[in-house]
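Shown next, in structure tokens, is the structure this report addresses.
Protein chains: 2
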Amino acid sequence: MIRELILKNRSYRRFYQSEKISELQLRNWVDLARNSASARNAQSLKYILSTDDSFNAKIFELLAWAGYLTTWPGPEEGERPSAYIVVLNDTLIAGNYFCDDGIAMQSILLGATEDGFGGCIIHSVNRNKLHELLDLSEQYEILYVLALGKPKETVVLDEIKDGNIKYWRDENQVHHVPKRALDEIILEAK
Amino acid sequence: MIRELILKNRSYRRFYQSEKISELQLRNWVDLARNSASARNAQSLKYILSTDDSFNAKIFELLAWAGYLTTWPGPEEGERPSAYIVVLNDTLIAGNYFCDDGIAMQSILLGATEDGFGGCIIHSVNRNKLHELLDLSEQYEILYVLALGKPKETVVLDEIKDGNIKYWRDENQVHHVPKRALDEIILEAK
Numbered sequence: 004m005i006r007e008l009i010l011k012n013r014s015y016r017r018f019y020q021s022e023k024i025s026e027l028q029l030r031n032w033v034d035l036a037r038n039s040a041s042a043r044n045a046q047s048l049k050y051i052l053s054t055d056d057s058f059n060a061k062i063f064e065l066l067a068w069a070g071y072l073t074t075w076p077g078p079e080e081g082e083r084p085s086a087y088i089v090v091l092n093d094t095l096i097a098g099n100y101f102c103d104d105g106i107a108m109q110s111i112l113l114g115a116t117e118d119g120f121g122g123c124i125i126h127s128v129n130r131n132k133l134h135e136l137l138d139l140s141e142q143y144e145i146l147y148v149l150a151l152g153k154p155k156e157t158v159v160l161d162e163i164k165d166g167n168i169k170y171w172r173d174e175n176q177v178h179h180v181p182k183r184a185l186d187e188i189i190l191e192a193k
Numbered sequence: 004m005i006r007e008l009i010l011k012n013r014s015y016r017r018f019y020q021s022e023k024i025s026e027l028q029l030r031n032w033v034d035l036a037r038n039s040a041s042a043r044n045a046q047s048l049k050y051i052l053s054t055d056d057s058f059n060a061k062i063f064e065l066l067a068w069a070g071y072l073t074t075w076p077g078p079e080e081g082e083r084p085s086a087y088i089v090v091l092n093d094t095l096i097a098g099n100y101f102c103d104d105g106i107a108m109q110s111i112l113l114g115a116t117e118d119g120f121g122g123c124i125i126h127s128v129n130r131n132k133l134h135e136l137l138d139l140s141e142q143y144e145i146l147y148v149l150a151l152g153k154p155k156e157t158v159v160l161d162e163i164k165d166g167n168i169k170y171w172r173d174e175n176q177v178h179h180v181p182k183r184a185l186d187e188i189i190l191e192a193k
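Protein sequences appear in the order of chains A and B.
First residue of the first sequence: 4, per the working numbering; consecutive thereafter.
First residue of the second sequence: 4, per the working numbering; consecutive thereafter.
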């Protein structure tokens, strides 16, 4: 069953924007991250939630979408995320959060997927402006923004061809993601 | 159900060493990582598997266990991991793997947990010696070692007290992990 959930948990970038996500849902998903492993148990990651339409619109302006889809400016109005989780590191707790960020966001996204939603981890963020918008003190470092919503696109995993790892969209707007074969990523078994 | 699985997926450091893990099981869990998100879809993480007793013993010598349990040298013979997954970054593919490491290891550990096993992400690794033992070329950077086995300890989550985040073992060898409250890690909701 975890396999099905992981396969269903794709990086979605187009959503049914009118399908709302409640603050309680976001809290439940962050609670999954809270209960996941943390390096040295430092638990330095902190979160800001947004379910508010006008605040979502302000966050949206500070994100860049899908680097390989160079002609696509990102989701249009009506297909934008209905919620965001800004993932921060509290540098007063720990300068180095090791791999806590990936663990936490995978837990959050698996929770969202199970509840019928989905999202995308966004690293291309205007951090200075978002820091200002969120009125954050200097101790908080913005790591990622999780964009969340009800997925409105089909994502398909393909075998990699000619070493090309760039995702792409076909004429039906299906999003294709080439994946390396298992025997390419497992170097050796002792 | 993902919540139950995440709660069951604790960092275990003592195992029923005689309970073997097969190479196929490790491959299935790595396949979960393969099908998880990757920054820019670069998929630069590579894996080396070990299920062999004598090779496991060599890996064990290069690990340090549970930094806060200062008087505990790590699991004794009979309680050691029955398998390892060494997580590498292929620097010829990408210098920066962003949060792929945490995503991948969370997927692997959730797969192991679902199958009745468990493990621990180890960062305190003698990387030079492990690099030599694995006869790796320079392109591979050792990130973490996942220690895996059939858990032989009870891990309990506690509320944090007086800001102390150090895990500890009680007189019954129950491992306690203090976790920050949800309202401490969610700074704000818009």
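Cβ coordinates follow ideal geometry from the N, Cα and C atoms, glycine included.
Contact with chain B by residue i, beta-carbon distance below 8 Å
i, result
"A/Tyr15", "no"
"A/Asp34", "yes"
"A/Glu191", "yes"
"A/Leu52", "yes"
"A/Ser110", "yes"
"A/Leu95", "no"
"A/Lys182", "yes"
"A/Ala60", "no"
"A/Phe63", "no"
"A/Ala42", "yes"
Beta-carbon separation (whole angstroms), residue i vs residue j, contact threshold 8 Å
i, j, result
"A/Gly77", "B/Gln109", "Not quite, the Cβ-Cβ distance comes to about 27 Å (not below 8 Å), so this is no contact."
"B/Trp32", "B/Ala150", "Between B/Ala150 and B/Trp32 the Cβ distance is about 13 Å, and since that is not below 8 Å, they are no contact."
"B/Val159", "B/Ile62", "Wrong, their Cβ atoms sit about 28 Å apart, outside the cutoff."
"B/Arg275", "B/Gln20", "The shown model of chain B, from 4 to 193, leaves out residue 275 of chain B, and the question about it has no answer."
"A/Ile189", "B/Leu133", "Contact flag wrong, Cβ pair sits at about 17 Å."
"B/Leu65", "B/Val128", "6 Å"
"B/Asp186", "B/His179", "No, B/Asp186 and B/His179 are not in contact; Cβ-Cβ is about 21 Å, not under 8 Å."
"A/Ser85", "A/Ile24", "5 Å"
"A/Ile88", "A/Tyr50", "6 Å"
"A/Gly152", "A/Phe120", "6 Å"
Environment of residue i [buried if 16+ CB atoms lie within 10 Å]
i, result
"B/Ala40", "buried"
"A/Leu29", "buried"
"B/Ser47", "buried"
"A/Asn59", "buried"
"B/Lys182", "buried"
"A/Asn12", "buried"
"B/Ser14", "buried"
"B/Leu112", "buried"
"B/Leu27", "exposed"
"B/Gly98", "exposed"
"B/Gly122", "buried"
Under the three-state DSSP convention, the category residue i falls into
i, result
"A/Phe18", "strand"
"A/Leu95", "coil"
"B/Asp161", "strand"
"A/Arg83", "coil"
"B/Lys11", "helix"
"A/Asn59", "helix"
"B/Ala42", "helix"
"A/Ile24", "coil"
"A/Leu136", "helix"
"A/Arg183", "coil"
"B/Ser47", "coil"
"A/Ser110", "helix"
"A/Ile2", "Not covered by the structure: residue 2 of chain A. The range shown for chain A is 4 to 193."
"B/Ile188", "helix"
"A/Glu64", "coil"
"B/Val33", "helix"
"B/Gly121", "strand"
"B/Ile5", "helix"
Residue i CB to nearest heavy atom of the ligand ADP below 7 Å
i, result
"A/Arg83", "Ligands in the displayed structure: none, and consequently the ligand ADP is not present."
Interface flag, residue i vs chain A, CB-CB below 8 Å
i, result
"B/His178", "no"
"B/Arg130", "no"
"B/Gly114", "yes"
"B/Arg172", "no"
"B/Gly77", "no"
"B/Leu149", "no"
"B/Arg83", "no"
"B/Ile145", "no"
"B/Ile125", "no"
Chain-ordered chain B contacts of residue i [CB-CB under 9 Å]
i, result
"A/Ala45", "Ile168"
"A/Leu160", "Asn38"
"A/Phe101", "Asp104, Gly105, Ile124, His126 and Tyr147"
Within chain A, the residues that residue i reaches when beta carbons sit closer than 7 Å
i, result
"B/Glu141", "By Cβ distance, chain A contributes nothing, its closest Cβ being about 14 Å from B/Glu141, past 7 Å."
Where residue i meets chain A, residues with beta-carbon distance less than 9 Å
i, result
"B/Gly152", "By Cβ distance, chain A contributes nothing, its closest Cβ being about 16 Å from B/Gly152, past 9 Å."
"B/Leu185", "Arg30, Val33, Asp34 and Arg37"
Interface partners of residue i on chain B, CB under 7 Å
i, result
"A/Lys49", "Ile188 and Leu190"
"A/Asp55", "Lys193"
"A/Ile24", "Under the 7 Å cutoff, chain B gives no residues; its nearest Cβ is about 12 Å from A/Ile24."
Chain A contact residues for residue i, given Cβ-Cβ distances below 8 Å
i, result
"B/Glu117", "Met4 and Ile5"
Under 8 Å by beta carbon: chain B residues contacting residue i
i, result
"A/Leu8", "Ile5"
"A/Leu72", "The premise fails here: A/Leu72 is roughly 12 Å from chain B at the closest Cβ pair, so nothing lies under 8 Å."
"A/Gly98", "Within chain B, no residue comes near A/Gly98; the closest Cβ sits about 15 Å away, beyond 8 Å."
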